[in-house]
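Each residue of the first sequence is one higher than the one before, starting from 37 at the first, in our numbering.
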Amino acid sequence: MNQAEALRAEIARAARTLGAPHDVVPHLERPRDPSFGDWATNVAMTLTKPLARKPRDVAEALIAAMDLPSVGATAAEIAGPGFINFRLDPGFQARGLLQILAAPEQWGRSDVGQGANACVEFVSANPTGPLHVGHGRQAALGDAISALLEATGWKVSREFYYNDGGVQIANLALSVQARVRELSGADAAIPEGGYHGEYIREIASNYVAQHPEDREGNDLNALRVFAVAALRHEQDLDLQAFGVKFDTYYLESSLYTDGRVDSTVKALQASGHTFEEEGALFLRTTTVGDDKDRVMKKSAAKGGDYTYFVPDVAYHVTKWERGYTRAINVQGADHHSTTTRVRAGLQALEIGIPKGYPEYVLHQMVTVVRGGEEVKISKRAGSYVTVRDLIDDVGRDAVRYFFLMRKGDSQLVFDVDLARSQSEENPVYYIQMAHARMCGIFRVGEIDAASITGANVDLGVLAEPAEVELVKALLDYPALLVGAADAAEPHRVAAWLLETARLGHLWYHKHHVLGEPEAITQARLVLARATQLGLAAGLRLLGLTAPERM
RNA sequence: GCGCGCGUAGCUCAGUUGGAUAGAGCGUCGCCCUCCGGAGGCGAAGGUCGCAGGUUCGAAUCCUGCCGCGCGCACCA
Numbered sequence: 037m038n039q040a041e042a043l044r045a046e047i048a049r050a051a052r053t054l055g056a057p058h059d060v061v062p063h064l065e066r067p068r069d070p071s072f073g074d075w076a077t078n079v080a081m082t083l084t085k086p087l088a089r090k091p092r093d094v095a096e097a098l099i100a101a102m103d104l105p106s107v108g109a110t111a112a113e114i115a116g117p118g119f120i121n122f123r124l125d126p127g128f129q130a131r132g133l134l135q136i137l138a139a140p141e142q143w144g145r146s147d148v149g150q151g152a153n154a155c156v157e158f159v160s161a162n163p164t165g166p167l168h169v170g171h172g173r174q175a176a177l178g179d180a181i182s183a184l185l186e187a188t189g190w191k192v193s194r195e196f197y198y199n200d201g202g203v204q205i206a207n208l209a210l211s212v213q214a215r216v217r218e219l220s221g222a223d224a225a226i227p228e229g230g231y232h233g234e235y236i237r238e239i240a241s242n243y244v245a246q247h248p249e250d251r252e253g254n255d256l257n258a259l260r261v262f263a264v265a266a267l268r269h270e271q272d273l274d275l276q277a278f279g280v281k282f283d284t285y286y287l288e289s290s291l292y293t294d295g296r297v298d299s300t301v302k303a304l305q306a307s308g309h310t311f312e313e314e315g316a317l318f319l320r321t322t323t324v325g326d327d328k329d330r331v332m333k334k335s336a337a338k339g340g341d342y343t344y345f346v347p348d349v350a351y352h353v354t355k356w357e358r359g360y361t362r363a364i365n366v367q368g369a370d371h372h373s374t375t376t377r378v379r380a381g382l383q384a385l386e387i388g389i390p391k392g393y394p395e396y397v398l399h400q401m402v403t404v405v406r407g408g409e410e411v412k413i414s415k416r417a418g419s420y421v422t423v424r425d426l427i428d429d430v431g432r433d434a435v436r437y438f439f440l441m442r443k444g445d446s447q448l449v450f451d452v453d454l455a456r457s458q459s460e461e462n463p464v465y466y467i468q469m470a471h472a473r474m475c476g477i478f479r480v481g482e483i484d485a486a487s488i489t490g491a492n493v494d495l496g497v498l499a500e501p502a503e504v505e506l507v508k509a510l511l512d513y514p515a516l517l518v519g520a521a522d523a524a525e526p527h528r529v530a531a532w533l534l535e536t537a538r539l540g541h542l543w544y545h546k547h548h549v550l551g552e553p554e555a556i557t558q559a560r561l562v563l564a565r566a567t568q569l570g571l572a573a574g575l576r577l578l579g580l581t582a583p584e585r586m
């Protein structure tokens with residue numbers, strides 16, 4: 037049990053002696069102003085009604101009923117309408133750092149997920165071109181959300197759904213065909229809705245080199261297979277360069293071949309939530325808030341195919357059946373119309389899937405800016421900027437951090453000049469520098485950092501305000517992860533890193549570690565080591581490196 | 001027109017799920033400093049949290065209606 041939990045438990049115990057409900061869970065928060073204390077609770081105000089007493093009365097009785105020393109508290113004061121502010125003994129508080137030193141790899145990890153299975157689906161790009169910046173944001177978000185879930189006790193599968201059928205793939209094949217024919221001197225145009233990027237030319241010439249028997253590009257099926265394989269390979273290389281690995285690749289085509297699409301349609305029809313109109317089969321989605329009912333199967337006149345959301349529903353049934361109690365889909369906000377449909381389909385099946393399943397993390401657009409100007413195209417892809425462009429330009433760490441530093445709901449401006457600058461205005465550099473600085477202390481002092489355990493060190497001397505603030509920030513990390521994982525919001529970790537790095541720099545500039553009286557040096561070495569490990573843990577979680585020198 | 005998201009300091013954004021005098025970085029203006037690691041430290045100015053109502057002990061946060069921006073509104077995916 038950590039310090040905050042111990043304090044919470046003691047408040048709850050005291051509250052029960054006053055007659056509070058047995059299941060009371062006092063809310064703890066950091067006061068906005070550190071001068072108020074180290075922890076605050078509003079529990080006295082929430083108990084006003086059940087206890088039928090005034091908030092300040094409750095607070096007073098609560099404090100009297102608490103064993104403050106047992107939880108390291110030196111004072112408890114009533115403030116404002118009924119807050120209780122607790123002050124913790126600095127040495128007691130700093131002893132929380134020992135947990136970091138004892139098991140750095142475990143730091144921040146918890147078991148709130150209790151080993152349940154979660155599926156995080158992200159990127160899921162059609163194999164029709166190199167990955168663009170939106171995919172990059174999805175890759176960073178999906179990978180970080182996965183890491184967050186893993187750190188909080190979930191068993192996570194990172195999944196990539198391949199749309200390997202459908203109109204877009206057909207257009208890809210036709211686009212390559214046009215370029216092949218162009219090579220043989222024929223006059224051929226890219227079809228409507230086709231792909232114009234430079235990479236299509238590369239694929240075409242590779243195709244001709246490997247298929248000398250089809251210089252005219254007549255074998256559309258061979259073209260399609262070749263192009264999809266080439267682009268899947270290319271996307272794999274992009275993801276590899278980004279350091280993202282998937283556990284599962286799920287092919288849309290397999291949903292047809294193993295009969296899941298048909299069985300899903302039959303089940304939906306049996307459920308009574310479908311109807312036929314003008315020769316097409318509809319799902320009644322208006323009952324769950326959609327603005328119109330959606331076509332599942334096109335009329336014969338339109339080809340009689342299933343629309344894309346039918347395999348989508350079938351696919352999400354497999355997630356449920358594969359035992360994922362939590363499924364998170366990371367997509368661009370332009371896909372938000374699918375959420376209602378997929379959920380409606382799953383609900384219509386009436387097989388016990390929760391209403392909010394799957395969860396969607398939808399992110400807004402990314403604008404790439406260089407030299408103050410928006411960048412819109414890349415040579416290779418033509419109409420859009422690729423992830424590869426960014427990685428080559430500013431490096432993997434910066435790309436990852438920049439994609440994660442804003443919450444997905446907000447639009448993101450990716451300033452390439454800032455991302456590559458070696459200055460403290462660059463948040464990535466700033467955070468990594470803080471880590472490297474802590475490492476530097478041990479290097480200069482010729483001390484083996486791993487030998488620092490904090491045993492027999494009086495941490496009570498870590499009482500300078502800058503030290504107390506840094507200690508508190510470091511100890512907030514585990515709870516931060518729980519909240520971030522629950523909300524699927526990695527940007528909280530990015531913000532925590534920046535703030536903790538700031539406090540680390542501040543402390544470093546204000547106080548010396550080496551060359552102080554022995555007792556102080558020993559205590560500060562513990563804080564330096566904990567800061568280094570704490571920052572490294574956060575960086576690692578987001579998939580960033582923690583360099584020892586820069 | 002309908003749906004979703006966003007609107008917080010000059011700029012870029014946080015805001016612990018409804019709490020105290022709304023914060024940080026950059027920029028601006030003062031004053032210091034040159035220290036284990038490249039410049040940093042201290043302080044100041046700067047806000048009607050888009051607007052107007054509502055809910056309650058208490059709202060940037062929840063509800064309603066407007067305004068502005070983005071995205072989406074196919075028998076496309």
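Built from N, CA and C at the ideal position, the CB exists for glycine as well. Computed from a prediction, not measured in an experiment: that's the story for all the values here.
On the DSSP bridge list, what partners appear for residue i?
{"i": "VAL405", "result": "GLU410 and ASP451"}
{"i": "LYS191", "result": "ASN153"}
{"i": "TRP75", "result": "PHE122"}
{"i": "GLN367", "result": "LEU398"}
{"i": "ILE114", "result": "ILE120"}
{"i": "VAL331", "result": "PHE318"}
{"i": "ILE560", "result": "In the sequence as presented, Ile is not what sits at residue 560; that position holds Arg. None; ARG560 has no bridge partner."}
{"i": "THR354", "result": "Paired residues: none, contrary to the question."}
{"i": "ARG362", "result": "ALA154"}
{"i": "GLY418", "result": "SER414"}
{"i": "TYR342", "result": "LYS333"}
Have a look at residue i and residue j and give me their C-alpha separation to the nearest angstrom.
{"i": "TRP128", "j": "LEU498", "result": "The amino acid occupying residue 128 in the given sequence is Phe; Trp does not appear at that position. Spanning the two alpha carbons is a distance of roughly 10 Å."}
{"i": "ASP69", "j": "TRP75", "result": "10 Å"}
{"i": "PHE262", "j": "ALA380", "result": "37 Å"}
{"i": "GLU410", "j": "THR403", "result": "7 Å"}
{"i": "ARG49", "j": "VAL61", "result": "10 Å"}
{"i": "TRP143", "j": "ALA303", "result": "47 Å"}
{"i": "ALA455", "j": "ALA80", "result": "47 Å"}
{"i": "PHE311", "j": "LYS328", "result": "13 Å"}
{"i": "LYS90", "j": "GLY118", "result": "9 Å"}
{"i": "GLY340", "j": "SER290", "result": "19 Å"}
{"i": "GLU460", "j": "TYR544", "result": "15 Å"}
{"i": "ALA51", "j": "ALA100", "result": "11 Å"}
{"i": "GLY540", "j": "PRO105", "result": "29 Å"}
{"i": "ALA306", "j": "ASN162", "result": "32 Å"}
{"i": "GLN213", "j": "VAL244", "result": "10 Å"}
Check whether the Cβ atoms of residue i and residue j sit closer than 8 Å, and answer yes or no.
{"i": "LEU550", "j": "GLY481", "result": "yes"}
{"i": "ARG260", "j": "ALA209", "result": "yes"}
{"i": "TYR396", "j": "THR376", "result": "no"}
{"i": "LEU542", "j": "TRP532", "result": "no"}
{"i": "VAL366", "j": "GLY178", "result": "yes"}
{"i": "ARG416", "j": "GLY570", "result": "no"}
{"i": "VAL423", "j": "ASP274", "result": "yes"}
{"i": "PHE282", "j": "GLU195", "result": "yes"}
{"i": "LEU43", "j": "VAL148", "result": "no"}
{"i": "PHE345", "j": "VAL378", "result": "yes"}
{"i": "HIS63", "j": "THR77", "result": "yes"}
{"i": "ALA111", "j": "MET102", "result": "no"}
What span of residues does the alpha helix (DSSP H) with residue i cover, start to end?
{"i": "GLU313", "result": "No alpha helix (DSSP H) holds GLU313; the beta strand (DSSP E) holding it covers 310 to 313."}
{"i": "TRP675", "result": "The requested residue 675 does not occur in the structure, where the chain is confined to residues 37 to 586."}
{"i": "MET474", "result": "463 to 481"}
{"i": "VAL60", "result": "Segment: none, VAL60 is in no alpha helix (DSSP H) and carries neither H nor E."}
{"i": "ASN242", "result": "234 to 246"}
{"i": "PRO501", "result": "501 to 511"}
{"i": "TRP143", "result": "Neither: TRP143 is in no alpha helix (DSSP H) and is coded neither H nor E."}
{"i": "ARG49", "result": "39 to 53"}
{"i": "LEU426", "result": "423 to 430"}
Over the uninterrupted beta strand (DSSP E) stretch that includes residue i, give me the two end residues.
{"i": "ASN121", "result": "119 to 124"}
{"i": "ALA380", "result": "No beta strand (DSSP E) holds ALA380; the alpha helix (DSSP H) holding it covers 372 to 385."}
- Query: Mind pulling the alpha helix (DSSP H) runs of 4 or more residues that sit fully within the region 156 to 210?
  - Reply: 169 to 187
- Query: Can you list the alpha helix (DSSP H) stretches of 4 or more residues lying completely in the region 261 to 305, in chain order?
  - Reply: 288 to 293
- Would you mind listing the alpha helix (DSSP H) stretches within the region 85 to 109 that are 4+ residues and don't spill past its ends, in chain order? The DSSP assignment places 91 to 101 as complete runs of the alpha helix (DSSP H) inside the region 85 to 109, in order along the chain (cut-off: 4 residues).
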